[in-house]
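When the letters of the sequence shown are read in order and numbered with numbering that gives the first Met the number 0, they come out as residues 0 to 998. First the structure, in the form of structure tokens, and then the observations on it.
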Amino acid sequence: MLSDFDNTGDLGFMPSGRGYIVRRDRLMNELIAKGRKAGIVLIYAPDGFGKTSVLLQYAQEVKSDQTRGSVRIIEADHAIGREVFVQLEVVAEELKDKPRSLIAIDNVPNFNRDETEELIDKMRGLRASGIGVLVTCRPSNRLLIHGLGDSVKVNAQMLKVHAYEYSSWAEAFSISTSLDFYHLTQGVPELVSALQVGLYGQDDTSRLLENEIVNVCGAALADLASLESNTLFNVACLMLLMGEGTIAELEACGVRLSMIDQSYLVRDYPLFGVDPTDRTFTCLGMEENARLRMRKLIAGLRPDLVQRAARILIKAGRCDPAMDLADAFLDRGVVLELAAQYGVDLVLTGHGGDICRAALEKTTDDQQRREPTAAEALGVYMAAVSVSNIKLARYMASVIERDGERAACELDPLAWEVAQALTIACYGGNGLGLPTTVVFSEHAAHNDALDMLSAHIEIKRRLTEHADGGEVIAAVEARKAYDCEIDVAGIFVKMDRMLLEIFDGSFSEIDGRDDAMTAAVAVLESHGLQALAIWTRMVLAARRLVAGLPVVDETAFSDLDRYAVRVRDNQIQLFGLLLEGWQSLAEGRPVNAKFRAVQVMRLSSEIAEYMQNNALLLERTSYLRNTSMLSVREDAELLDLGQTQVGGAEAWAVALHLAAAGRDSDLAAWMSMNRAGILNPSYRLFARLAMHCLGEAGARIRKKLPVREMARYSLKEDLEAESARLFQAGEIEATETVEHVEMRVFGMFSAERDGFPITDKMWRRKKAATLAERLALGLDVPVERETIAMELWPHAEFKSARNNLYSTVSRLRSALGPTPDGKSCVVIQNDCIGLNPNYVKTDVRVFDLITREVLAKREGACGPHLIELCLKVEQLYTGPLFVPDGCNPAFFLRMQRILQSKFIDCIVKGANAALEENDLQSAVWLAEAGLRQGTMREDMVRCAMRVYSAAGRRRDIVELYHGHIHQLKEQVEGIPEPETRRLYERLVESRLKRAIVER
């Protein structure tokens with residue numbers, strides 16, 4: 000088709016594609032300059048890169064140049080050589096008297112060598128006669144591209160929309176600025192224009208983009224298919240099937256890609272996302288849309304490439320996309336071939352269910368009922384073991400056994416050892432009929448997955464026998480067998496590490512790993528990995544149990560028990576019964592807990608020493624929980640208290656019994672003589688749970704534990720109860736041993752050592768008490784010596800102040816006393832002084848923790864919990880911070896203002912929350928507590944007015960408001976804020992109007 004460009008007034012009326020409306024200034028300027036000099040411009044790129052749009056813009060530039068001649072455009076797509084030559088002759092005849100004209104030939108097809116050479120000769124003849132030529136073609140037209148070596152060449156990489164052009168394209172097509180332009184389109188012009196907001200919003204844009212990706216990729220494949228060599232076509236198909244990957248992954252499976260071929264893909268077909276620097280590729284489109292449609296197209300044309308891509312992915316460790324390809328496009332027989340060759344990788348990444356389905360379907364569809372080979376049988380066997388299909392696993396084991404000696408020649412030794420380890424990991428040591436007579440001539444290669452499975456087996460054995468296994472897990476926990484959604488061996492090891500934390504006493508609370516694995520359980524169950532899912536659920540439930548949290552998965556332990564019975568694993572069955580007993584005890588069912596404990600003690604072998612001892616502890620705790628005090632005390636008389644250095648379980652069982660019987664002196668002696676057993680980390684968390692279940696008896700034991708160990712043996716709920724008891728109003732009971740110091744700085748300063756007041760005589764110097772308060776206000780942060788010296792002795796010389804500080808620290812140490820382990824309550828480090836937070840407790844620290852909970856957390860407390868916290872704040876804050884005399888009061892006054900401000904903030908927040916909960920009693924209590932501090936803060940006054948209004952106390956509103964006005968006038972000569980005045984008028988006037996209406 001020949002177009003007379005001189006008769007066209009506006010290019011917008013010409014068929015040009017959406018990309019034409021964006022002018023590409025930098026590209027045009029470069030082409031005009033170079034094209035004027037070279038005479039011939041060649042643009043080659045796949046469809047979708049805007050070749051025609053650039054051609055039309057170039058033609059428009061020539062047409063608008065008054066020094067240039069006419070412009071003619073020839074559409075050569077699908078034309079034969081003779082047709083193009085005739086049109087060139089006609090155009091050349093028309094333009095022979097019009098120098099500096101332009102002939103543009105769009106989409107030149109792939110001619111044979113003679114026709115291509117003739118076309119090149121004609122274009123050079125036109126250039127010689129003063130007529131410029133612009134030609135576009137696809138990259139497969141190698142003869143034309145190589146033949147025009149003296150032309151200006153523009154490839155697909157140069158036609159991409161670059162970063163400096165994005166703003167103009169975004170404005171022209173109304174593209175959302177939130178879209179990742181380069182990630183979605185890789186700069187392909189046709190795809191960039193497809194990002195325009197559709198009629199139906201973002202979903203419409205996504206569909207339009209995915210359709211264009213399919214069109215552009217399909218056109219590129221068609222162009223590659225027209226090349227004489229199919230190497231690039233095969234590589235491009237493999238890239239689309241894989242989605243993303245590295246060149247090394249292709250080369251590892253025999254796909255050779257030379258540097259020249261890589262340069263072709265980078266320069267001429269950039270839509271495949273080949274990066275020559277790190278040798279990676281990333282194809283366009285989403286997995287469930289464009290890539291899937293392209294895979295369907297390729298699978299219909301070249302099914303052999305699908306199998307090859309699956310093998311490449313598996314060998315690269317990417318089993319998930321490999322099995323997606325296999326399930327969607329490959330025959331069941333091919334899936335079994337993959338299982339025979341890569342069974343270990345597929346099974347240990349969670350695809351055992353896919354292999355089993357393929358095997359069953361193949362058996363059903365195969366009329367001749369061909370028996371699988373030994374390699375296929377082993378792959379299906381491992382798959383059946385992973386998804387607990389015992390029947391299929393036994394059948395495949397019998398197939399291997401019938402093969403006899405041939406099996407040893409055909410099977411991979413590594414796969415055989417993995418199969419054995421996986422069987423033990425999922426079914427214990429009973430086996431599923433896998434023959435033991437197969438002997439290999441060579442040893443299995445090293446494999447991380449095999450080492451991790453072996454470690455899991457060893458850890459299970461050690462846990463039931465000795466409750467250890469830390470060195471086993473340490474050797475493999477840093478490894479990662481597969482980088483897939485499911486890594487069977489990796490999950491086993493991860494759960495073993497989380498379980499070991501319970502038995503070595505290092506577990507403190509639920510963390511992010513628990514949340515992640517809770518979400519992973521659903522994935523494991525969807526893949527049919529029953530054994531792994533049950534083990535994971537058990538570990539997660541056990542961690543919640545020992546953390547004192549409700550066990551959400553109530554059937555986790557019983558499911559483990561039933562599964563162990565099914566696979567005849569006695570040790571794991573008893574392990575599940577033991578945990579089920581502790582769950583029953585925590586839920587208040589001591590009878591059931593004792594029954595489980597007795598079961599474990601009767602059925603466990605002598606080898607499982609730890610389970611027997613743990614069951615003893617559970618049995619004794621259940622007995623104490625469900626027996627009268629009289630019987631407990633009578634049985635306590637029969638205890639042999641002369642034993643020393645007994646095991647952890649017996650030490651705790653006797654200690655719990657003595658505590659429940661109220662025999663504190665015997666308890667103290669017992670714990671002292673059997674300190675090693677009491678502090679055995681293997682029983683720490685279960686002893687903590689037992690103390691929690693026994694209540695007050697457990698509190699007696701915690702008092703006699705070393706202070707540094709108290710937090711480890713206390714649940715969060717127990718610590719909160721202890722904190723509430725510590726700072727409750729009234730006298731604090733004295734403990735039997737000297738273990739901690741309590742200080743109060745609100746209202747008046749006071750200190751107690753083990754429940755007894757520290758008197759002035761014990762302080763010996765008034766400055767020692769001042770120093771104690773100053774360090775307490777540091778909130779566990781040590782203070783520099785120089786700072787303290789200048790604050791306590793502001794008028795003394797520095798040397799004298801330092802000497803005074805030295806003697807005062809000695810007096811403070813003497814007053815507070817030594818800790819049970821001989822350490823000082825005053826810590827000096829790096830020329831800084833502080834209080835030992837493990838032994839010194841202060842009301843200001845508790846105040847800071849509660850106010851932080853109320854005010855500083857992003858989500859914050861709410862409802863009744865918030866009201867309860869604010870009431871605790873009110874109980875702690877007995878008055879403004881005590882400011883001592885005889886020192887520089889600046890720091891104390893600043894802290895006094897800060898703490899009072901926090902107190903008022905909490906009071907206002909708590910009163911407002913009480914109003915929302917319709918708890919008027921708490922709201923009034925909090926509001927009046929805030930007013931008692933004599934604050935002039937307007938938000939406190941407004942809060943109290945709202946509370947009084949809700950309580951119907953109009954007179955109190957009037958008195959409060961007028962008293963506030965008087966206080967402002969007397970102290971700062973001010974008036975209330977407009978918001979306060981409006982609130983007062985609204986509350987008072989609304990009640991007056993309501994009273995008038997009622998009359």
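Here a beta-carbon is modelled for each residue, glycine too, at the ideal position from N, C-alpha and C.
query: When you compare only the Cα positions, how much space is there between His794 and Ala800?
result: As a working note, residue 794 is residue 795 in the sequence shown. As a working note, residue 800 is residue 801 in the sequence shown. Their backbone Cα atoms lie some 9 Å apart in a straight line.
message: On the DSSP letters alone, give me the boundaries of the beta strand (DSSP E) that Asn106 sits inside.
response: Numbered from its first residue, the sequence shown carries residue 106 at position 107. Taken as a continuous stretch (DSSP letters only), the beta strand (DSSP E) holding Asn106 covers 101-107.
- prompt: Does the beta-carbon of Gly746 have 16 or more other beta-carbons within 10 angstroms, so that it is buried, or is it exposed?
  reply: Along the sequence shown, one-based indexing puts residue 746 at 747. So Gly746 ends up on the exposed side.
field: Alpha-carbon to alpha-carbon, Ile974 and Ser713
entry: Reading the sequence shown from its first residue, position 714 is the one you call residue 713. Reading the sequence shown from its first residue, position 975 is the one you call residue 974. Cα-Cα distance, rounded: 53 Å.
task: Could you tell me which residues DSSP puts in a beta bridge with Ile832?
output: Taking the first residue of the sequence shown as 1, we reach residue 832 at position 833. Val782, Ile827.
- request: Determine the direct distance from the alpha carbon of Val946 to that of Leu811, and round the result to whole angstroms.
  value: Position 812 of the sequence shown holds residue 811. Position 947 of the sequence shown holds residue 946. If you take the alpha carbons of Leu811 and Val946, they lie about 46 Å apart.
message: With a threshold of 6 Å on Cβ separation, who are the neighbours of Cys216 within its own chain once the five nearest residues in sequence on each side are excluded?
response: Against the sequence shown, residue 216 aligns to sequence position 217. Counting only Cβ-Cβ distances below 6 Å, and skipping sequence neighbours, we find Met293.
message: Which same chain residues end up closer than 6 Å to Ala75 when comparing Cβ atoms and leaving out the 5 residues on each side of it in sequence?
response: Reading the sequence shown from its first residue, position 76 is the one you call residue 75. Excluding sequence neighbours, Ala75 sits near Val83, Ile104, Asn106, Val107.
- prompt: Which of the three DSSP states, helix, strand or coil, is assigned to Ile174?
  reply: For the purposes of this step, residue 174 is identified with residue 175 of the sequence shown, where counting begins at 1. Reduced to three states, the DSSP call for Ile174 is strand.
- prompt: Which residue's Cα is closest to the Cα of Glu93: Arg81, Ile72, Ala555, Ala696?
  reply: Indexing the sequence shown from 1 puts residue 93 at position 94. Among Arg81, Ile72, Ala555, Ala696, the Cα nearest to that of Glu93 belongs to Ile72.
Completely contained beta strand (DSSP E) runs for the stretch 132-177, where each covers 3 or more residues: 151-153
query: Counting pairs of Cβ atoms below 8 Å between the stretch 29-39 and the stretch 111-131, do you hit three or more?
result: yes
task: Drop a sphere of 10 angstroms on the beta-carbon of His691, count the other beta-carbons inside from all chains shown, and report buried for 16 or more, exposed for fewer.
output: In the sequence shown, counting from the first residue as 1, residue 691 sits at position 692. By the neighbour-count rule (16 or more Cβ atoms within 10 Å), His691 is buried.
- prompt: DSSP on Thr184, reduced to helix/strand/coil?
  reply: Position 185 of the sequence shown, counted from the first residue, corresponds to residue 184. Note: Thr184 maps to helix in three-state DSSP.
query: Enumerated in chain order, which unbroken segments of the alpha helix (DSSP H) with a length of 4 residues or greater are wholly contained in the stretch 548-614?
result: 555-566, 569-585, 589-602
field: Alpha-carbon to alpha-carbon, Ala155 and Asn214
entry: Locating residue 214 in the sequence shown gives position 215, where the first residue counts as 1. Locating residue 155 in the sequence shown gives position 156, where the first residue counts as 1. Near 16 Å, if we compare the C-alpha coordinates of Ala155 and Asn214.
field: Whole-Å CB distance - Asp495 paired with Pro680, under 8 Å assumed
entry: Locating residue 495 in the sequence shown gives position 496, counting from the first residue. Locating residue 680 in the sequence shown gives position 681, counting from the first residue. That belief does not hold up - the Cβ atoms of Asp495 and Pro680 are roughly 17 Å apart, past 8 Å.
query: What are the partner residues of Gly244, as DSSP defines its beta bridges?
result: Start at 1 with the first residue of the sequence shown, and residue 244 comes out as number 245. Answer is Phe280.
field: Cβ neighbour criterion (16 or more within 10 Å) applied to Gly885
entry: On the sequence shown, position 886 is the one that residue 885 refers to. Burial call: exposed.
task: Consult DSSP for Phe685 and reduce its assignment to one of helix, strand or coil.
output: The residue given as residue 685 occupies position 686 in the sequence shown. Of the three classes helix, strand and coil, the one that applies to Phe685 here is helix, per DSSP.
- request: Taking only the alpha-carbon atoms, compute the straight-line gap between Val187 and Leu237 and give it to the nearest angstrom.
  value: Numbered from 1 along the sequence shown, position 188 holds the residue referred to as residue 187. Numbered from 1 along the sequence shown, position 238 holds the residue referred to as residue 237. Rounded to the nearest angstrom, the two C-alpha atoms are 21 Å apart.
- request: Could you have a look at Leu804 and say whether DSSP puts it in helix, strand or coil?
  value: Working through the sequence shown from its first residue, we reach residue 804 at position 805. DSSP places Leu804 in helix when its eight states are reduced to three.
message: If you measure between the beta carbons of Val706 and Asn887, is that distance less than 8 Å?
response: Sequence index remark: in the sequence shown, residue 706 carries index 707 (1-based). Sequence index remark: in the sequence shown, residue 887 carries index 888 (1-based). No, the pair does not count as a contact, with Cβ atoms beyond the cut-off.
field: 7 Å Cβ shell around Val999 - same chain, five flanking residues per side excluded
entry: Residue 999 is absent from the model: the chain starts at 0 and stops at 998.
query: Using 8 Å as the Cβ pair cut-off and three pairs as the minimum, do the stretch 346-364 and the stretch 382-392 touch?
result: yes
- prompt: For Met742, which residues does DSSP report across the bridge?
  reply: Here residue 742 corresponds to residue number 743 of the sequence shown, with the count starting at 1. Ala750, Thr841, per the DSSP bridge assignment.
- prompt: Under the three-state reduction of DSSP, which class applies to Gln642: helix, strand or coil?
  reply: Here the question's residue 642 lines up with position 643 in the sequence shown. The answer is coil: DSSP assigns Gln642 none of H, G, I, E or B.
field: Lys459 to Ser453 span [Cα, whole Å]
entry: Residue mapping note: residue 459 aligns to position 460 of the sequence shown, counting from 1. Residue mapping note: residue 453 aligns to position 454 of the sequence shown, counting from 1. C-alpha separation (whole angstroms): 10 Å.
- prompt: Taking the C-alpha atoms as reference points, what is the distance between Glu484 and Leu324?
  reply: Taking the first residue of the sequence shown as position 1, residue 484 is located at position 485. Taking the first residue of the sequence shown as position 1, residue 324 is located at position 325. Spanning the two alpha carbons is a distance of roughly 16 Å.
query: Is it buried or exposed for Lys361, if we count other Cβ within 10 angstroms and need 16 for buried?
result: Within the sequence shown, residue 361 is the residue found at index 362, counting from 1. Lys361 should be labelled buried.
task: State the DSSP-derived secondary structure class of Glu74, mapped to helix, strand or coil.
output: For the purposes of this step, residue 74 is identified with residue 75 of the sequence shown, where counting begins at 1. If DSSP states are grouped into helix, strand and coil, Glu74 belongs with the strands.
query: Candidates Trp415, Arg941, Asn917, Pro883: which alpha carbon is nearest Thr435's?
result: Locating residue 435 in the sequence shown gives position 436, where the first residue counts as 1. Per the Cα distances, Trp415.
task: Examine the Cβ distances between the stretch 635-651 and the stretch 669-678 and report whether three or more of them are shorter than 8 Å.
output: yes
query: For Ser714, does the three-state DSSP call read helix, strand or coil?
result: In the sequence shown, counting from the first residue as 1, residue 714 sits at position 715. A quick correction: the sequence has Leu, not Ser, at residue 714. DSSP places Leu714 in coil when its eight states are reduced to three.
message: If you reduce the DSSP assignment to three classes, tell me which class Tyr876 lands in.
response: The sequence position of residue 876 within the sequence shown is 877, counting from 1. Three-state DSSP puts Tyr876 in coil, outside helix and strand.
task: Would you mind reading off the limits of the beta strand (DSSP E) that contains Ala437?
output: For the purposes of this step, residue 437 is identified with residue 438 of the sequence shown, where counting begins at 1. Correcting the residue type first, residue 437 is Val in the shown sequence and not Ala. Val437 -> no beta strand (DSSP E), and no H or E assigned at all.
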